[in-house]
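Position one of the sequence shown corresponds to residue 123 (the numbering used here), numbered consecutively onward.
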Amino acid sequence: MIPFVREMTFEYGRPDAVSPLIRRVVAHNPGPFTYLGTGTYIVGHGQVAVIDPGPPLDSHLDALLAATAGERISHILVTHTHLDHAPLARPLQQRTGAVIYGLDEPLSQADEGEGDHRADADDTPRFRPDVAIADSQIVSGPGWTLEAVFTPGHASNHVAYALREEKALFCGDHIMGWSTTVISPPDGDMSQYYASLDRVQAFGFDVLWPTHGPPITEVAPFIDAYRNHRLAREAQILAELRQGSATIADMIPRLYRGVDKRLHAAAAHSVLAHLIHLVRQGQVRCEGEPNLTRYFSVISNSTIGGGA
Ligand SMILES: [Zn+2]
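So this is what it looks like as structure tokens:
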């Protein structure tokens, strides 16, 4: 069982000092993928960095400007380009002159299943930061040092940011305290996701600050549980396929029994992500490129992944 953390004291638009160096302002965009809304972090005092400005809401722009009145925003850092994280970066830059760091929006983001993705990719230009950040690159200001930690998986361009002074990680949507993360191919990639979980675990952070929901303070056991949840899902999928070949639609009602049906479409993408990973590992066979409508079968003489 994942030891989820969901309790959070906040008010929309109100800056809360949540650690010596960190303030959080929550945007008014609650929903099935965003939980209470996007938590934008302000790092430092006087000259500050803003992490994940959030969705294009005037109320949130006003709240961020009010929270930093009399200070200077020098850096805007984006964890990834989903619509609840990045779009307010340009409007905030226009008001502050800050430099935007992150990675370009991938072309494949347009056709993903997660509800917070763009609807009309043709009309909206792709998000591009001013500075394409490099893995392990440092940006800093007075009293704060942030290091980019590439963490692909939830999105191919996902970057977390470590705050060295507090042994903390702004982990975006890579790890969330309130829920598991959506891994939606083609941009989401389960093999990369596992590797990114291992990478974050190896740092030994004291605290994780997800974009949605409260911080995770029991970091190592939480990540272990998060990984074990995925491995258990893999074992369930293999067990399903041992009954005979199946499509994802065949498996979803059984794998996600008791889960809100509104989440089944996203769950289908997550199962596809697992299946792509299992095909790569040689445990599962698919005729053709894996997708939502293909039949999958287990490779019967597989000696790994012993099932549930
Ligand atoms: Zn996201």
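Virtual Cβ for every residue (Gly too), placed ideally from N, Cα, C.
Integer Cβ distance of residue i from residue j, believed to fall under 8 Å
i           : j           : result
residue 394 : residue 375 : About 16 Å separates the two Cβ atoms, so there is no contact after all.
residue 278 : residue 311 : 7 Å
residue 336 : residue 133 : The pair is not a contact, with the Cβ atoms about 14 Å apart (cut-off 8 Å).
Alpha carbon of residue i to alpha carbon of residue j, nearest angstrom
i           : j           : result
residue 380 : residue 386 : 11 Å
residue 305 : residue 155 : 12 Å
residue 194 : residue 124 : 39 Å
residue 396 : residue 168 : 45 Å
residue 170 : residue 391 : 37 Å
residue 377 : residue 200 : 33 Å
residue 233 : residue 204 : Confidence at residue 233 is low in this model, with a pLDDT of 47, below 50, so its placement is unreliable and the value that follows should be read with caution. Approximately 12 Å between the Cα atoms of the pair.
residue 347 : residue 398 : 22 Å
residue 289 : residue 418 : 43 Å
residue 334 : residue 206 : 10 Å
residue 237 : residue 388 : Summary for residue 237: the model assigns pLDDT 45, below 50, so the residue's position carries little reliability; its value from the coordinates is reported in the next sentence. Near 8 Å, if we compare the C-alpha coordinates of residue 388 and residue 237.
residue 357 : residue 340 : 26 Å
residue 287 : residue 361 : 46 Å
residue 180 : residue 186 : 10 Å
residue 459 : residue 263 : Because the chain spans 123 through 430 in this model, residue 459 falls outside it and cannot be assessed.
residue 282 : residue 173 : 10 Å
residue 351 : residue 216 : 42 Å
residue 285 : residue 268 : 5 Å
residue 241 : residue 300 : Residue placement at residue 241 is poorly supported in this model, since its pLDDT is 46, which falls under 50; the coordinates still yield a value, given next. Distance between the alpha carbons of residue 241 and residue 300: 26 Å.
residue 338 : residue 382 : 25 Å
residue 131 : residue 158 : 11 Å
residue 260 : residue 166 : 15 Å
One or two residues paired with residue i in a DSSP bridge
i           : result
residue 407 : 419
residue 198 : 172 and 222
residue 269 : 260 and 284
residue 330 : 291 and 338
residue 148 : 161
residue 254 : 224
residue 138 : 146
residue 153 : 157
residue 368 : 418
Contact under 8 Å by Cβ, residue i with residue j
i           : j           : result
residue 202 : residue 221 : no
residue 400 : residue 266 : no
residue 303 : residue 296 : yes
residue 176 : residue 149 : yes
residue 308 : residue 230 : yes
residue 136 : residue 147 : yes
residue 223 : residue 247 : no
residue 408 : residue 416 : yes
residue 209 : residue 228 : no
residue 213 : residue 183 : yes
residue 364 : residue 420 : yes
residue 316 : residue 349 : yes
Subject >> Any 3 or more C-beta pairs closer than 8 Å across the segment 360-371 and the segment 323-330 >> reply: no
Subject >> At least 3 beta-carbon pairs within less than 8 Å: the segment 157-168 vs the segment 313-322 >> reply: no
Original post:
If you measure from each residue's Cβ to the nearest non-hydrogen atom of ligand 2, which ones come out under 5 Å, in chain order?
Top reply: Ligand 2 is not part of the structure shown, which contains ligand 1 as its ligands.
Original post:
Are three or more beta carbon pairs between the segment 268-275 and the segment 284-298 nearer than 8 Å?
Top reply: yes
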